[in-house]
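Residue numbers (full-length UniProt numbering): 1 to 138. Notes follow once the structure below has been shown.
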């Protein structure tokens, strides 16, 4: 079950982000997971809950954005859904010369941080997004 090692890496990085921004903790983590990444979202959520106990990410929500698999035909340029089971044959011309455009992603897209001063005004409200560094107001 590689979801456990993925969850551990995500939790570790989220904790690093919290420390870098002097945040009290992590409110939520957003992952982009491609349809063909071989990751089971429910297993990843369960694993994340286990590995975050006692860390800055304890109690954080794991939000998963599932990215559909899409391809482009190298011969005619048609863009199409790969489907399940995956097929890289072009629905327009029938050729198997497609390039996979999306569907293999496994990326940490956002870490939402908590702020102790803000939490006193609005308990549980995440106020800082690590990718922007913008602070919320009370």
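From the three backbone atoms N, C-alpha and C, an ideal C-beta is built for every residue, glycine too.
Judged by beta-carbon spacing, residue 70 lies beyond the 8 Å limit of residue 106, meaning their Cβ atoms are not closer than that value. If the five residues before and after residue 40 are omitted, its C-beta is found closer than 7 Å to the C-beta atoms of 3, all from its own chain and listed in chain order. In the three-state DSSP reduction, residue 20 falls in the helix class (H, G or I). Annotated three-state conformation of residue 25 is strand, per DSSP.
Closest in alpha carbon position to residue 35, among 73, 104, 115, is 104.
Considering only 75, 73, 83, the residue with the shortest C-alpha distance to residue 67 is 83. Restricting attention to 56, 29, 7, the CA atom closest to the CA of residue 109 is found in 29.
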